[in-house]
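What follows is a short report on a single structure.
2 protein chains.
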Amino acid sequence: MSDSIKYLLDEARLPRSWYNIVADLPTPPPPFLNPETQKPVVTDDLIDLFPETVIEQEFATERDIEIPGPVRDIYRQWRPSPLHRARRLEKVLDTPAKIYFKYEGVSPTGSHKPNTSVAQAFYHKEGGVKRLATETGAGQWGSSAAFAGSLFGLEVDIYMIRASYEQKPYRRALMETYGARCVPSPSNETVVGRGMLAKKADHRGSLGLAMSEAVEVARRRDDTGYALGSVMNHVVLHQTVVGVEALAQMEMAGDYPDIVIGCTGGGANFAGIAFPFIGEELRGGRKTRIIGVEPAACPSLSRGKFAYDYGDAGHLLPLMKMHTLGSNFQPPGFHSAGLRYHGMAPLVSHVMDLGLMEARSYHQSKIFEAGILFARTEGILPAPEANHAIRGAIDEALRCRTEGRSEVILFNLCGHGHFDMHAYIDHAEGKLRDIDYDEGELAKSLATLPMEQVAAA
Amino acid sequence: MSDSIKYLLDEARLPRSWYNIVADLPTPPPPFLNPETQKPVVTDDLIDLFPETVIEQEFATERDIEIPGPVRDIYRQWRPSPLHRARRLEKVLDTPAKIYFKYEGVSPTGSHKPNTSVAQAFYHKEGGVKRLATETGAGQWGSSAAFAGSLFGLEVDIYMIRASYEQKPYRRALMETYGARCVPSPSNETVVGRGMLAKKADHRGSLGLAMSEAVEVARRRDDTGYALGSVMNHVVLHQTVVGVEALAQMEMAGDYPDIVIGCTGGGANFAGIAFPFIGEELRGGRKTRIIGVEPAACPSLSRGKFAYDYGDAGHLLPLMKMHTLGSNFQPPGFHSAGLRYHGMAPLVSHVMDLGLMEARSYHQSKIFEAGILFARTEGILPAPEANHAIRGAIDEALRCRTEGRSEVILFNLCGHGHFDMHAYIDHAEGKLRDIDYDEGELAKSLATLPMEQVAAA
Chain A
1 MSDSIKYLLD EARLPRSWYN IVADLPTPPP PFLNPETQKP VVTDDLIDLF
51 PETVIEQEFA TERDIEIPGP VRDIYRQWRP SPLHRARRLE KVLDTPAKIY
101 FKYEGVSPTG SHKPNTSVAQ AFYHKEGGVK RLATETGAGQ WGSSAAFAGS
151 LFGLEVDIYM IRASYEQKPY RRALMETYGA RCVPSPSNET VVGRGMLAKK
201 ADHRGSLGLA MSEAVEVARR RDDTGYALGS VMNHVVLHQT VVGVEALAQM
251 EMAGDYPDIV IGCTGGGANF AGIAFPFIGE ELRGGRKTRI IGVEPAACPS
301 LSRGKFAYDY GDAGHLLPLM KMHTLGSNFQ PPGFHSAGLR YHGMAPLVSH
351 VMDLGLMEAR SYHQSKIFEA GILFARTEGI LPAPEANHAI RGAIDEALRC
401 RTEGRSEVIL FNLCGHGHFD MHAYIDHAEG KLRDIDYDEG ELAKSLATLP
451 MEQVAAA
Chain B
1001 MSDSIKYLLD EARLPRSWYN IVADLPTPPP PFLNPETQKP VVTDDLIDLF
1051 PETVIEQEFA TERDIEIPGP VRDIYRQWRP SPLHRARRLE KVLDTPAKIY
1101 FKYEGVSPTG SHKPNTSVAQ AFYHKEGGVK RLATETGAGQ WGSSAAFAGS
1151 LFGLEVDIYM IRASYEQKPY RRALMETYGA RCVPSPSNET VVGRGMLAKK
1201 ADHRGSLGLA MSEAVEVARR RDDTGYALGS VMNHVVLHQT VVGVEALAQM
1251 EMAGDYPDIV IGCTGGGANF AGIAFPFIGE ELRGGRKTRI IGVEPAACPS
1301 LSRGKFAYDY GDAGHLLPLM KMHTLGSNFQ PPGFHSAGLR YHGMAPLVSH
1351 VMDLGLMEAR SYHQSKIFEA GILFARTEGI LPAPEANHAI RGAIDEALRC
1401 RTEGRSEVIL FNLCGHGHFD MHAYIDHAEG KLRDIDYDEG ELAKSLATLP
1451 MEQVAAA
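Residue numbers (this note's numbering), protein chains in the order written: chain A, 1 to 457; chain B, 1001 to 1457.
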């Protein structure tokens, strides 16, 4: 159809491999460091947390990494996900640009997160553990981990930021319906948690702290592995199924993107759609502008330093070189909890450092305006995180109108917002403020980066 | 693929017509009656509420009714919806049966309701009104009407049962994000509403009452049309796109259903999947068992009388012959608000009367057990309404195991449950009681049916 709205791949065309950008990068990413010895991490440093195949993926340099059959069998429930042409949005914007989006909200939990939770659960099951320990903030990751655990017969313990645990009973109920156990973090179940509670009995929790609790439990218990929702290389790898599909679907549509856009929190959904297109360029294919869009209240790419930093509050995970606001940085409250992380995936950070992408940030009123326009034209009500990518795409389309250019824009609509209606209510009631982080706090946080070799961003 | 999990139709294969079962029925359905004159309804009786094409569809006798281009253009956002084979559920049930389901949760509002809201909004826009008035209980219909209105540039006023208005702020927020106005019903905006409030200032509302408010507004205002989410013939017609697609997808799968199952509230989602298969049988094709599954607390097919009754509390809509519990019947509280309606679509009632289908009912603990098993195996967390169909499918699959029969079962998974987590919380906390309606109340309600010609069910 010449006026197609969506481009579907049959499940027989589900990708057989994830794409590992390391194979095509001009320089390898800086190694992870053991936080105690500050020497490059080796397999033994990670073996308490991850199954062997996952550790291999952390260090992998080959381009195509096979997606195991049982993972593909579950992916096929909703994958390949649809690629849409946003024709009604284009019309309302009166732009000569073509806007495409990849829609990850069709997954059972409504976001891109199962792309990696299913793979991680499979490898952990294969590795012989009985239980996964993980953290969650907004709940998108936690519910996806719970979903994956239920399919592979793994117990799932989820350390959920206490503030979210109390404010988001529906997300918690989703995890529990899948059979997972939710624990408000900080908890009394870990040394890290007890330490925090001793200092502050009513601690509201943070993502970095919940990560440390899950890591501690996975280290202590032989029957328990650690799963995480973003940042590390294997997570980024699993998300590339999005971009590999998008490459084939753009070909179906007879177009190739001039611009690829994703929102960035930990970086995995962004990398998932962007890396396969960067790979095309690195191997001599067409050049694409790659744009990461982040919240102004937590702008690790725009304002962070590219430096070694801790991934979690308890300093149990490896030191990773990344664009970071410092592991002590506490972003102000805003409605995209999935983007409230102090650092950026090391691979995304390295790609940024190599000049292969650009970043921009928006305040939340601007991104909600974009999301509501999108809902009223395209019909899908997006997750607040996804609204960042939509804002970026709309602004590029408006630039195209001004410049009279018919560029092709592709963005990742990483999830629906049916669990995020409180944010839309706040917007409707005028309660959604454009909060900035405190510059003094940021400077203080950056001053405590753990290594000397801090390079200016 | 021989082990396919889902069967997708390209959007070029989106049906061009809805299926009108009236063309194939051995006897025509009893006519609607004007509630004042008790004579068969004519076009003029409905012209204040509906555009001409919708009224034509109420009376239509031709088999295939064309889906207008602009409606198909919007359907293509998510249609054809996927047909899934529930292989993991089959395995857990250890059944020789094959279980297929059609998944309507991929629509922007997460249910089958946009299949008709989009069509209704198109016809109303074409008819020249500026505004739609409608009612909503659970909010699935209201949000779908709001979505459709936003796409066609119609204002949408939604009379929302006051109890839901207060208990479901997220559903309300979804409607408002699409630009609709939600009014708690009973309201001061209508004669019917004011009358109820005068009798009972803290009236919690009911679907029949909210319908009357919307109908009254549409009658009074020239610029306003009335839209409804189930029951009437045109709504049932629009939902048949589900079954027409399913016929083609079952062919792709190389199977034909021995059993087709849907949940029944007003009857439209059930009819949507079932009628095209009944039509095949009526035209000499294969016979299929057709099963409607309803809540034990509101069992219009199982326990209602087949008689003329009012569709709404204010007696503004036509008298329709249907399986009814009486328009004064107040079902006890249970968690499938979308199935809390006293009557059954006249066409479904007629099909039941002709012996072309069977009905069964379940208490809510049984249907939630089924829904949770489904979530943990298939990954999709279903709407409580859809859990009825799942329960029916599981019980048929278990019968097949007992009998050693490999029958083919197809059911309609009419929506996801992401807006219904409060119900899952109640289930998890053991607060979900199996409530029965009061037999005395039912007898009283049935004693007040408006016409003499009441036939025993």
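All residues carry an ideal CB built from backbone N, CA and C; glycine is no exception.
What does a CB cutoff of less than 8 Å around Pro188/A pick up in its chain, not counting 5 residues either side in sequence? Indexing the first sequence from 1 puts residue 188/A at position 188. First, the amino acid is wrong: residue 188/A is Asn here, not Pro. If we look at Asn188/A and ignore the five residues flanking it on each side, its Cβ neighbours are Arg194, Leu197.
Is there a C-beta anywhere in chain B that falls below 8 Å from the one on Val106/A? Looking up residue 106/A in the first sequence gives position 106. So yes, Val106/A belongs to the interface.
Cβ of Leu381/A less than 8 Å from any chain B Cβ? Within the first sequence, numbered from 1, the residue matching residue 381/A stands at position 381. Closer than 8 Å to some Cβ of chain B, the Cβ of Leu381/A qualifies, so yes.
How many Å lie between Ile261/A and Gly1279/B at the Cα? On the first sequence, position 261 is the one that residue 261/A refers to. On the second sequence, position 279 is the one that residue 1279/B refers to. Going by C-alpha positions, Ile261/A is about 47 Å away from Gly1279/B.
Looking at Gly1417/B and Ala1383/B, is the spacing between their C-beta atoms short of 8 Å? Numbered from 1 along the second sequence, position 383 holds the residue referred to as residue 1383/B. Numbered from 1 along the second sequence, position 417 holds the residue referred to as residue 1417/B. Their beta carbons are under 8 Å apart, which means Ala1383/B touches Gly1417/B by this criterion.
In chain A, what lies closer than 8 Å to Gly1179/B by C-beta? Working through the second sequence from its first residue, we reach residue 1179/B at position 179. Here the neighbours are Arg376.
On the criterion of 16 or more Cβ atoms from any shown chain inside 10 Å, does Phe152/A qualify as buried, or is it exposed? Against the first sequence, residue 152/A aligns to sequence position 152. Buried is the call here.
Near Arg289/A, what residues of its chain come up, given a Cβ to Cβ distance below 6 Å and the 5 sequence neighbours on each side ignored? Position 289 of the first sequence, counting from 1, holds the residue named residue 289/A. Contacts found: Ile259.
Can the beta-carbon of Pro318/A be found less than 8 Å from the beta-carbon of Leu33/A? To locate residue 318/A, count along the first sequence from 1; it is residue 318. To locate residue 33/A, count along the first sequence from 1; it is residue 33. Yes, these two residues count as a Cβ contact at 8 Å.
Could you list the residues in the stretch 1160–1184 of chain B with a C-beta less than 7 Å from some C-beta on chain A, going in chain order? Pro1169, Tyr1170, Ala1173, Leu1174, Glu1176, Thr1177, Tyr1178, Gly1179
In whole angstroms, what is the alpha-carbon distance linking Ala1359/B and Ser212/A? The count along the second sequence starts at 1 and reaches residue 1359/B at position 359. The count along the first sequence starts at 1 and reaches residue 212/A at position 212. In a straight line, the C-alpha of Ala1359/B is about 53 Å away from that of Ser212/A.
Go to Glu294/A, then tell me how far its beta strand (DSSP E) extends in each direction, as first and last residue. In the first sequence, the residue the question calls residue 294/A occupies position 294. Taken as a continuous stretch (DSSP letters only), the beta strand (DSSP E) holding Glu294/A covers 289–295.
Can the beta-carbon of Asn1020/B be found closer than 8 Å to that of Arg1063/B? Position 20 of the second sequence, counting from 1, holds the residue named residue 1020/B. Position 63 of the second sequence, counting from 1, holds the residue named residue 1063/B. Yes, the pair counts as a contact, with Cβ atoms nearer than the cut-off.
I want to verify the contact list: residues of chain B whose CB lies under 9 Å from the CB of Gln120/A, in sequence order. In the first sequence, the residue the question calls residue 120/A occupies position 120. When 9 Å is used as the limit between beta carbons, Gln120/A is near no residue of chain B, the shortest such separation being about 15 Å.
Within 10 Å of its beta-carbon, does Asp94/A have 16 or more other beta-carbons around it, so buried, or fewer, so exposed? Against the first sequence, residue 94/A aligns to sequence position 94. The residue in question, Asp94/A, is exposed, as its Cβ has fewer than 16 Cβ neighbours within 10 Å.
Secondary structure at Glu1358/B, three-state DSSP: helix, strand or coil? What you label residue 1358/B is simply residue 358 of the second sequence in a count that begins at 1. The answer is strand: DSSP assigns Glu1358/B an E or B state.
Is there contact here, the stretch 366–378 of chain A with the stretch 269–283 of chain A, by at least three beta-carbon pairs under 8 Å? no
For Tyr1308/B, tell me which candidate among Asn1115/B, Pro1029/B, Ala1423/B has the shortest Cα-Cα distance. The residue given as residue 1308/B occupies position 308 in the second sequence. When each option's Cα is compared against that of Tyr1308/B, the closest is Pro1029/B.
Kindly say whether Ser1004/B, judged by its beta-carbon, lies nearer than 8 Å to any beta-carbon of chain A. The count along the second sequence starts at 1 and reaches residue 1004/B at position 4. Chain A, which has a Cβ nearer than 8 Å to the Cβ of Ser1004/B, makes this yes.
Mind checking who Lys1321/B pairs with in its DSSP beta bridge? If you number the second sequence from 1, residue 1321/B lands on position 321. Per DSSP, Tyr1308/B.
Could you give the DSSP three-state label for Pro232/A: helix, strand or coil? As a first step, residue 232/A is located in the first sequence; it is residue number 232 there, counting from the start. Reading the sequence as shown, one finds Met at residue 232/A and not Pro. Note: Met232/A maps to coil in three-state DSSP.
Whole runs of the beta strand (DSSP E) within the stretch 216–278 of chain A, excluding any shorter than 3 residues: Inside the stretch 216–278 of chain A, DSSP marks whole beta strand (DSSP E) runs of 3 or more residues at positions 224–226, 259–263, from first to last along the chain.
What did DSSP end up calling Gly1392/B once you bin it into helix, strand or coil? To locate residue 1392/B, count along the second sequence from 1; it is residue 392. Helix at Gly1392/B.
Should Asp10/A be labelled buried (16 or more other beta-carbon atoms within 10 Å of its own) or exposed? The residue labelled residue 10/A in the question sits at position 10 within the first sequence. Burial call: exposed.
Bridge-paired residues (DSSP) for Met1421/B: Counted from its first residue, the second sequence places residue 1421/B at position 421. Looking at the DSSP assignment, Met1421/B forms no beta bridge with any residue, so it has no partner.
I need the straight-line Cα distance from Leu1008/B to His1084/B, nearest angstrom please. On the second sequence, residue 1008/B is found 8 positions in, with the first residue counted as 1. On the second sequence, residue 1084/B is found 84 positions in, with the first residue counted as 1. Going by the C-alpha atoms only, they are around 9 Å apart.
Compare the Cα-Cα distances from Pro1276/B to each of Glu1294/B, Gln1249/B, Leu1301/B and report the closest residue. Indexing the second sequence from 1 puts residue 1276/B at position 276. Nearest option by C-alpha distance: Gln1249/B.
So with CB distances below 8 Å, who are the chain A contacts of Glu1066/B? For the purposes of this step, residue 1066/B is taken as the residue at position 66 of the second sequence. Going along chain A, no residue has its Cβ under 8 Å from Glu1066/B, so there is no contact; the nearest lies around 18 Å.
Report yes or no: is there a C-beta of chain A within less than 8 Å of the C-beta of Ala1253/B? Taking the second sequence and counting its residues from 1, the one referred to as residue 1253/B is at position 253. Among the CB atoms of chain A, none fall inside 8 Å of the CB of Ala1253/B.
Can you list, in chain order, the residues of the stretch 1141–1154 of chain B whose Cβ is nearer than 7 Å to any Cβ on chain D? In summary, chain D is missing from the structure at hand, where the protein chains are A and B.
Mark Val1042/B as exposed unless 16 or more other C-beta atoms lie within 10 angstroms of its C-beta, in which case mark it buried. Counting from one through the second sequence, the residue named residue 1042/B turns up at place 42. Under this definition Val1042/B is an exposed residue.
Taking the DSSP output, what are the residues bridged to Met1160/B? In the second sequence, residue 1160/B corresponds to position 160, counting from 1. Answer is Thr1136/B, Pro1184/B, bridged to Met1160/B.
Quick one: residues in its chain with C-beta nearer than 6 Å to the C-beta of Val1351/B, no 5 flanking neighbours on either side, listed in chain order? The sequence position of residue 1351/B within the second sequence is 351, counting from 1. Correct list, in chain order: Met1357.
Cα separation between Cys1182/B and Ile158/A? Against the second sequence, residue 1182/B aligns to sequence position 182. Against the first sequence, residue 158/A aligns to sequence position 158. Straight-line Cα distance between these residues: approximately 37 Å.
Of the residues Pro1040/B, Pro1015/B, Leu1174/B, Leu1049/B, the one placed nearest Leu1316/B, counting alpha carbons only: The residue given as residue 1316/B occupies position 316 in the second sequence. Of the candidates Pro1040/B, Pro1015/B, Leu1174/B, Leu1049/B, the one whose C-alpha sits nearest the C-alpha of Leu1316/B is Leu1049/B.
How is Asn1020/B classed by DSSP in three states: helix, strand or coil? Along the second sequence, read from residue 1 onward, the residue named residue 1020/B stands at position 20. Here Asn1020/B sits in coil by DSSP.
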